[in-house]
Amino acid sequence: MTVKLQVKNLTKIFGKRVVRAKELLKQGKSKAEILKETGATIGVDRANFEVESGEIFVIMGLSGSGKSTLVRMINRLIEPTDGSVLIDGEDLMQIDKKALRDVRRKKMSMVFQNFGLFPNRTILDNTAYGLEIQGIDKVTRNQKANEALDLVGLNGYGDQYPTQLSGGMQQRVGLARALANDAEILLMDEAFSALDPLNRSDMQDQLLDLQETMHKTIIFISHDLNEALKIGDHIMIMKDGEIVQTGTPEDILTHPADEYVEKFIENVDRSKVYTAGNVMIRPTTVNIEKDGPRLALKRMRENEVSTVYVVNNKRELVGIIDARDVLELVRQESRDLQSVVNEDVPTTTEETPIADILDDISQTGIPFAVLNDKQQLRGIIIRGAVLGALAGNEVNHFA
Amino acid sequence: MLNLMTIAKIPIADWMDHFVDWLTQFTGFFNGLTSFIGGIINGFQWVFDLIPIWLFIIIVAGITYLANRDTKKWGLIIFEVLGLLLIWNLDFWRDMTQTLTLVLTSSLISLIIGVPLGIWMAKSDIAQAIFKPILDFMQTMPAFVYLIPAVAFFGIGMVPGVFASVIFAMPPTVRMTNLGIRQVPTELIEAADSYGSTEWQKLIKVQLPLAKSTLMAGINQSMMLALSMVVIASMIGAMGLGTRVYFAVGRNDAGGGFAAGLAIVILAIIIDRLTQALNRQRKH
Ligand SMILES: Nc1ncnc2c1ncn2[C@@H]1O[C@H](COP(=O)(O)OP(=O)(O)O)[C@@H](O)[C@H]1O
Ligand SMILES: [Mg+2]
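Which chain is which? The protein sequence lines are A and B, in order. If you want the numbering used here, it's the 1-based position in the first sequence plus 11. If you want the numbering used here, it's the 1-based position in the second sequence plus 87.
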């Protein structure tokens, strides 16, 4: 992974007595104290982070924590008080107005909370705006704009005006406008926050779908942790202009840095976050190609279970067998385990969110076998472990 | 108590006199300005003299019809036709076109100066802080006062009338241009900026189109103010319906004064409704 965007010491102080405020900041005074003493507001306090090429980097925090200010300093819609922003190693703070315009035209596109569509322009002309101001001829830019509208599923809406579209559709136009420019970096400031829950969820799915093929570097602002966990490769949490924690969704969930982050994750819908891999447990197994009924019975007794999972030499799943059937075999002095294997076992993959299998598990109580893509048995999911994970118990972690 | 009149009078009047005297040295400049404004006036007047009256009436009705295509304001069209016929019948036609020329010329110049000024105010807080009080001053100062420098610079006739009207009528155009641009939502400005628009592109493609209806409302107000100046302007020789009113006052001719006044009202209503309808048309 290469680093696309590097933010160093980025600071924004709003107000008049900036120099004094900066001093106080260095002395470790809080945002509230500095406001009281100087009247200056700390928008963002010395932010440092890196964004990898092709990832979705989510910035989270309560309202007023400095997310919008931070993302606007990345394209210098807000001029930073201090610090630097490096894109592919080039410092954005060192370039002149014209070069900055070029960066905005070619490298970064922005999507806005309230869509930011021009009401006097058609959907097509809105989508083509970024290309139009670069002086690209009408035929070419309309073709690119139409392709972008196709991508977001708005084929045929080009002649309409923004007010004729629903909120969800308007934001698709906002996204299309950003895509038409073919910029490598997308800045999305609470892009889905103004949408109702269903639309929001649709847009998240669509963004993830698009991202599979586009591999843009996306800075996504959100105040909704469920959204952040769903789409973020990394999540950065801000409070009062400061960065509190940066990590993968798992890091954040399992090792919250402080109470502020803990408060955030209290209300998370974990079923969407945890995968089968996170909650599976080690199964009791027998190898059909070398083990017999007596060993199977012994393992069941040792582990106090009434079923064992049957695998072959390659650890591929064959099925399950029940203690009663094994007991019967032993009594009959038979070694034919194969005859009692039940091959009808529900299976899933490690990456499946538990939300998808939750209903089946809680209704039937039958454990799921978790297989990798080589059909090898990796673990099983039992009801108790799922419920425990949802209640906030420790789960499995993989590097 | 101190009697302020016992101390020496502050010579504001003298200062202003000196300033106006000083300005009148620039005869070359004012002569140039006179021929420029005179050119516009003659242009309008030439067109109005050329168009037959019946055709003029049809054009006005036609524009009204086209501008109100969706609402079909037949009442307004009938009013316009009858009103213009009345003006013709009262033998005020030439006066009416002269007044119209005065109004259109003043509005055009207000537009040419006022819109860029309004844009400047919208883009610069300092410019706004400087021009706002000046605009207030221009609009509240009794309009008669402008006649004096107007005569000093331009003599007698239509041109000084236009000059005085412009000073009095321009503020709404400036103000509304400024307001219209400043009212454009921040997010749209950010959108324009974030895609790398130049200042000029932002102005032409986003700010002015979105300020258009506010700006048009300003122009409408400016035209009404210019029309309200016609009687005053007639005192320094700007010909038109205002002259008829002015003469009627001099001759104590209430009937004649009322008739000319009525013609001004008819003209005012037509101009007002037409510019409003054009404004509605442009909105989306
Ligand atoms: N233009 C501004 N002038 C003064 N203070 C501002 C300005 N913009 C933002 N702020 C302040 O900076 C802080 C961060 O705001 P913002 O970045 O909008 O937060 P968020 O997007 O996380 O809600 C807030 O305290 C806000 O009041
Ligand atoms: Mg915000």
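Don't be surprised by glycine CBs; every beta carbon is placed ideally from N, CA and C.
Three-state secondary structure assigned by DSSP to residue i
i                : result
Tyr320 (chain A) : strand
His371 (chain B) : Caution applies to His371 (chain B), whose pLDDT of 45 falls short of 50 and renders its modelled position unreliable; the value that the coordinates give is listed next. Of the three classes helix, strand and coil, the one that applies to His371 (chain B) here is coil, per DSSP.
Asp340 (chain B) : coil
Tyr271 (chain A) : helix
Lys108 (chain A) : helix
Lys241 (chain A) : helix
Lys289 (chain B) : helix
Arg31 (chain A)  : helix
Phe241 (chain B) : helix
Arg389 (chain A) : strand
Thr52 (chain A)  : strand
Ser300 (chain B) : helix
Ser95 (chain A)  : strand
Pro378 (chain A) : coil
Ala194 (chain A) : coil
Phe129 (chain A) : coil
Val352 (chain A) : coil
Thr359 (chain A) : strand
Val190 (chain B) : helix
Arg400 (chain B) : A query on residue 400 (chain B) cannot be resolved here, the shown segment of chain B reaching from 88 to 371 and no further.
Met263 (chain B) : helix
Thr416 (chain A) : An answer regarding residue 416 (chain A) cannot be provided, because it is not within the stretch 12 to 410 covered by chain A.
Ser177 (chain A) : coil
Arg293 (chain A) : coil
Pro304 (chain A) : helix
Thr372 (chain B) : Since the displayed chain B opens at 88 and closes at 371, residue 372 (chain B) lies outside it and no answer follows.
Ala410 (chain A) : Note that Ala410 (chain A) scores a pLDDT of 36, beneath 50, so its modelled location is shaky; the value from the coordinates is reported in the next line. Here Ala410 (chain A) sits in coil by DSSP.
Gly163 (chain A) : For the sequence presented, residue 163 (chain A) should be read as Val rather than Gly. Val163 (chain A): coil per DSSP, three-state reduction.
Distance cut-off 7 angstroms: residue i Cβ against heavy atoms of ligand 2
i                : result
Asp200 (chain A) : yes
Lys78 (chain A)  : yes
Distance cut-off 7 angstroms: residue i Cβ against heavy atoms of ligand 1
i               : result
Gly54 (chain A) : yes
Phe25 (chain A) : yes
Ser74 (chain A) : yes
Inter-residue CB distance, residue i and residue j (contact presumed, cutoff 8 angstroms)
i                : j                : result
Leu306 (chain A) : Val316 (chain A) : The Cβ separation is near 14 angstroms, so there is no contact.
Asn157 (chain A) : Gly146 (chain A) : Between Gly146 (chain A) and Asn157 (chain A) the Cβ distance is about 19 angstroms, and since that is not below 8 angstroms, they are no contact.
Ser282 (chain A) : Leu401 (chain A) : 6 angstroms
Thr188 (chain B) : Phe131 (chain B) : 4 angstroms
Val356 (chain A) : Ala287 (chain A) : Val356 (chain A) to Ala287 (chain A), Cβ: 14 angstroms. No contact.
Phe60 (chain A)  : Thr257 (chain A) : 6 angstroms
Asp280 (chain A) : Asn237 (chain A) : 5 angstroms
Trp175 (chain B) : Ile140 (chain B) : 6 angstroms
Leu176 (chain A) : Val163 (chain A) : Actually they do not touch by this definition, with Cβ atoms about 12 angstroms apart.
Cβ-heavy atom distance, residue i to ligand 3, below 7 angstroms
i                : result
Ser204 (chain A) : Absent from the structure shown: ligand 3. Ligands present: ligand 1 and ligand 2.
Neighbour flag for residue i against chain D, beta carbons, 8 angstroms
i                : result
Asp302 (chain A) : Structure shown: chain D not included; protein chains present are A and B.
If contact means a Cβ-Cβ distance below 9 angstroms, which residues of the stretch 291-315 of chain B contact chain A? Within the stretch 291-315 of chain B, the qualifying residues are Lys292, Val293, Pro296, Leu297, Lys299.
Is the stretch 218-230 of chain B touching the stretch 247-264 of chain B in the sense that three or more CB pairs, one from each, lie closer than 8 angstroms? Touching, yes, given that three or more Cβ pairs across the two stretches are closer than 8 angstroms.
Along the stretch 71-92 of chain A, what residues have a CB closer than 7 angstroms to any CB found in chain B? Contact residues of the stretch 71-92 of chain A toward chain B are Asn86, Leu88 (C-beta to C-beta distance below 7 angstroms).
Give a yes or no on contact between the stretch 50-65 of chain A and the stretch 21-28 of chain A, applying the rule of three or more CB pairs nearer than 8 angstroms. Flag = yes, the stretch 50-65 of chain A and the stretch 21-28 of chain A touch.
Please list, in chain order, the residues of the stretch 138-170 of chain A that have any C-beta partner in chain B closer than 7 angstroms. Within the stretch 138-170 of chain A, the qualifying residues are Tyr140, Gly141, Ile144.
When you check each C-beta in the stretch 137-168 of chain B against every C-beta of chain A, which residues fall closer than 7 angstroms? Per Cβ criterion, the list is empty.
Any contact of the stretch 343-360 of chain B with the stretch 163-171 of chain B, i.e. 3+ C-beta pairs under 8 angstroms? Yes: at least three Cβ pairs fall under 8 angstroms.
contact_flag[the stretch 119-134 of chain A, the stretch 184-193 of chain A] where n(CB pairs < 8 angstroms) is 3 or more: The stretch 119-134 of chain A is in contact with the stretch 184-193 of chain A.
Looking at C-beta atoms only, is the number of pairs between the stretch 67-75 of chain A and the stretch 90-106 of chain A that lie closer than 8 angstroms three or more? Taking a cut-off of 8 angstroms on C-beta distances, the stretch 67-75 of chain A does not touch the stretch 90-106 of chain A, as fewer than three cross pairs fall below it.
Touching by the beta-carbon criterion (3+ pairs, under 8 angstroms), the stretch 30-45 of chain A and the stretch 206-226 of chain A: No: fewer than three Cβ pairs fall under 8 angstroms.
Taking a Cβ distance cut-off of 7 angstroms, strictly less, list which residues of the stretch 252-283 of chain B are near chain A, in chain order. Listed in sequence order: Glu274, Leu275, Glu277, Ala278, Asp280, Ser281, Tyr282, Gly283.
Listed in chain order, which residues of the stretch 226-242 of chain A have Cβ atoms closer than 9 angstroms to some Cβ of chain B? For the stretch 226-242 of chain A, no residue has a beta-carbon sitting nearer than 9 angstroms to a beta-carbon of chain B.
What residues in the stretch 119-131 of chain A bring their beta carbon closer than 9 angstroms to a beta carbon of chain B? Of all residues in the stretch 119-131 of chain A, Met119, Ser120, Met121, Phe123, Gln124, Asn125, Phe126, Gly127, Leu128, Phe129, Pro130, Asn131 have a Cβ within less than 9 angstroms of some Cβ in chain B.
When the Cβ atoms of the stretch 230-249 of chain A are set against those of the stretch 325-337 of chain A, are three or more pairs found closer than 8 angstroms? Segments in contact, no.
When you check each C-beta in the stretch 205-234 of chain B against every C-beta of chain A, which residues fall closer than 8 angstroms? Here the close residues number zero.
Please list, in chain order, the residues of the stretch 173-188 of chain A that have any C-beta partner in chain B closer than 7 angstroms. Residues passing the 7 angstroms Cβ filter: none.
Contact between the stretch 74-84 of chain A and the stretch 224-235 of chain A (3+ Cβ pairs under 8 angstroms): Yes, the stretch 74-84 of chain A touches the stretch 224-235 of chain A.
For the stretch 210-220 of chain A against the stretch 132-151 of chain A, are there 3 or more C-beta pairs whose distance is under 8 angstroms? Touching, no.
Flag this pair as touching only if the stretch 267-278 of chain B and the stretch 316-329 of chain B have three or more C-beta atom pairs under 8 angstroms; answer yes or no. Result no; under three Cβ-Cβ pairs closer than 8 angstroms.
Using a Cβ-Cβ cut-off of less than 7 angstroms, give me the residues of the stretch 99-111 of chain A that come near chain B, in sequence order. Residues of the stretch 99-111 of chain A whose Cβ lies closer than 7 angstroms to any Cβ of chain B: none.
Take every Cβ of the stretch 231-239 of chain B, pair it with every Cβ of the stretch 301-314 of chain B, and state whether three or more of those distances are shorter than 8 angstroms. Between the stretch 231-239 of chain B and the stretch 301-314 of chain B, the count of C-beta pairs closer than 8 angstroms stays below three; the two stretches do not touch.
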